[in-house]
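Chains as they are written, first to last, in the numbering used here: chain A, 689 to 1081; chain B, 689 to 1081.
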């Protein structure tokens, strides 16, 4: 018997990952994953990009690099931050191996065992896994269509003095697709300042808005350098490159750099060179616009089909961007039971229960619409509706 | 003031990294880093490889992938393990983002706060940083030319009941260049079994033997599945790809997979595809043979020059492979003082003190020979010798 660390007993395989294994069967229609549409990847452009990088910077791109990241990439990311209202220089950016790594580093920089992490209810499943390695306590804050409810947040802050982190996905949240309103973002900053808490703003989907008005990131409202912002190229370019970034105040960022160094030395050099080359050669904005267009159509079709097909009493969110929407079954119905019936019909989703760290609202489920064709969306929603009707009998 | 985690106060920037910043000046001769020779990178081959991968598997290579790693790569790695006497199937391999990540995951899987890690004295600096995040205690075991001294190890195991890990770099150790003898490897397994300790065998340099006889890896002698073996493509192909691997017993590996998932989801998909393509298209063994030849010449030249130039009383190791050798100044002399004099002469190295987690033998230093031309080696060693003579005056 190996003697593992105590935290091993709290680690569990992501339910999504286990479901994804089932969905590898070709006949399965899967709304379970969170994959970007692969048919939109700029494959030929990336081919040109890698070729140019290896031709012109082969030795550098294959060599070790600094922990902070490749300077031209840090500069380009800082310029992108400026476009969404975040003042940042290259020195304020740390390049990381996808935004999941940002969560691991956040835990390393901020969390001692037993520290309180405040999060939305529900929240991003893999953030819970990343933080859980450092054995925090979770406190959930109720959401409505405008995101985390600030009265509930203040109550949570009152009840948990010394809470370390408020973790939020303010734009097109995973799993609900909800977006935090501007008024609540302002209130969030005010409360974080008052209660001396760090805000971790996880924003992988912010650029994928296809409806409604842009809302400035929480970080752009930060007056005391207490927002750690993280994002990624995974949803706007390619997740297979594993490149994201952290933007934070200097002392905080320096600590992220320190732990990044011990964690994996640095992010793939060639992937960083490739992204720089892509940004300098091709039009990322036009590419993102195309992604928005396709995801908008898919989301509209999914909602339209749900309207037509789902039984009365089933509710769902209407996201203005991102990859996911959230379904609530009538209370008392269990989405895990629904999943069993759906798998029999070759359609999959993720039951919502595991997105709640403490509570568990088993009548909820997450649907992904970015990775299915229009035919699959219509057919898949019909099959889920059929399974729902069977359950409601 | 931000409230960081307690571990932040124990984290410190790698001294090497700080020295490397100084050595970026072009006139500097640096024996400080641990970089492979970039002029040996198979740049044109990698260009062909990335082109073929993007042409034939573009969407897959740019998409998310499983945490365990790309199956064809796991198979190829398992086959390489077999060549050095380690029985492993693809399922026994986890692909990781360079071997540094293996150390982070090892800490997550095994270390509770205050747990004892037994290591060589001196040991790999960045392993200390990776583990330190989880606040272990370090116990150092003396080495000689045959590696860790087993009588000392047994004393350490007696004195520290419940020790969790023995961390070793048995082949061409960083920083000393020393290799553990076969007899000691057998004794190491015996002691680990007796005292119920996990062995972490970190073997990034094992394939870079250019003199002496091959010695089987510790993992190949493992009778109870208690050796976690890790290695990397960084020193035999390219560190900029950030691809390494873990080989461990099933239950242990499953825990590594769990924490890898929370840490960064998975290793770069395109980098994994590229390595598979390289291995299936080009002759990695011939490439490694070429690296060995060049490093052998550089090491021989460095030793020959030290013989001629270094003052009497200065000792050094004679590695049979790898990238580093280790110098001991007469006791009482401080390598940090020597470094100051050397930087004035535009030559750099890493003082040995920080390779000792508890003790600190300040009369030691590490020299890298893989990343300097023959001219630079001769000139750099002459300058160090000149600085030594000035100190000895």
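Glycine is no exception: its CB is placed at the ideal position from the N, C-alpha and C atoms.
Residue burial classification, residue i (beta-carbon count within 10 angstroms, cutoff 16)
i, result
"residue 787 of chain B", "buried"
"residue 1050 of chain B", "buried"
"residue 1002 of chain B", "buried"
"residue 1059 of chain A", "buried"
"residue 709 of chain B", "exposed"
"residue 1080 of chain A", "exposed"
"residue 999 of chain A", "exposed"
"residue 1082 of chain B", "Lying before the first or after the last residue shown, residue 1082 of chain B is absent from chain B, which here runs from 689 to 1081."
"residue 931 of chain A", "buried"
"residue 832 of chain A", "exposed"
"residue 1046 of chain B", "exposed"
"residue 978 of chain A", "exposed"
"residue 697 of chain B", "exposed"
"residue 912 of chain A", "exposed"
"residue 965 of chain B", "buried"
"residue 969 of chain B", "exposed"
"residue 916 of chain A", "buried"
"residue 688 of chain A", "What is shown of chain A runs 689 to 1081, which leaves residue 688 of chain A out entirely."
Beta bridge counterpart(s) of residue i as assigned by DSSP
i, result
"residue 890 of chain B", "B/918"
"residue 854 of chain A", "A/806, A/887"
"residue 718 of chain A", "A/1036"
"residue 1080 of chain A", "According to DSSP, residue 1080 of chain A bridges with nothing at all."
"residue 820 of chain B", "In DSSP, residue 820 of chain B forms no bridge with anything."
"residue 900 of chain A", "In the DSSP output, where bridge partners are listed per residue, residue 900 of chain A has none listed."
"residue 932 of chain B", "B/784, B/920"
Per-residue contacts from residue i into chain B (C-beta, under 7 Å)
i, result
"residue 965 of chain A", "What residue 965 of chain A touches in chain B: nothing, since even the nearest Cβ is about 12 Å away."
"residue 817 of chain A", "949, 950"
"residue 800 of chain A", "693, 694"
"residue 1061 of chain A", "What residue 1061 of chain A touches in chain B: nothing, since even the nearest Cβ is about 14 Å away."
"residue 956 of chain A", "928, 929, 930, 956, 959"
"residue 886 of chain A", "690"
Delimiting residues of the beta strand (DSSP E) encompassing residue i
i, result
"residue 825 of chain B", "825 to 832"
"residue 837 of chain B", "Neither: residue 837 of chain B is in no beta strand (DSSP E) and is coded neither H nor E."
"residue 1054 of chain A", "1052 to 1056"
"residue 782 of chain A", "781 to 784"
Within chain A, partners of residue i - CB distance below 8 Å
i, result
"residue 729 of chain B", "746, 747, 750, 751"
"residue 943 of chain B", "692, 696, 699"
"residue 814 of chain B", "949, 950, 953"
"residue 792 of chain B", "950, 951, 952"
Within chain B, partners of residue i - CB distance below 8 Å
i, result
"residue 723 of chain A", "751, 752"
"residue 871 of chain A", "None at all; the shortest Cβ gap to chain B is about 26 Å."
"residue 786 of chain A", "952, 953"
"residue 726 of chain A", "747, 748, 750, 751"
"residue 939 of chain A", "690"
"residue 789 of chain A", "951, 952"
"residue 739 of chain A", "735, 738, 739"
Contact set between residue i and chain B, taken where Cβ atoms lie within less than 9 Å
i, result
"residue 705 of chain A", "754, 755, 949"
N- and C-terminal bounds of the alpha helix (DSSP H) containing residue i
i, result
"residue 695 of chain A", "Note, residue 695 of chain A: premise wrong, no alpha helix (DSSP H); not H, not E."
"residue 689 of chain B", "Counting along the chain, residue 689 of chain B falls outside any alpha helix (DSSP H), and DSSP gives it neither H nor E."
"residue 703 of chain A", "703 to 710"
"residue 748 of chain B", "731 to 749"
"residue 764 of chain A", "759 to 771"
"residue 794 of chain B", "787 to 798"
Under 7 Å by beta carbon: chain A residues contacting residue i
i, result
"residue 890 of chain B", "Correct list: empty, because the minimum Cβ distance to chain A is about 14 Å."
"residue 821 of chain B", "796, 947, 950"
"residue 743 of chain B", "735"
"residue 852 of chain B", "691"
"residue 1044 of chain B", "Correct list: empty, because the minimum Cβ distance to chain A is about 17 Å."
Entirely within the stretch 934 to 1018 of chain B and at least 3 residues each: give me those beta strand (DSSP E) ranges in chain order.
1012 to 1016
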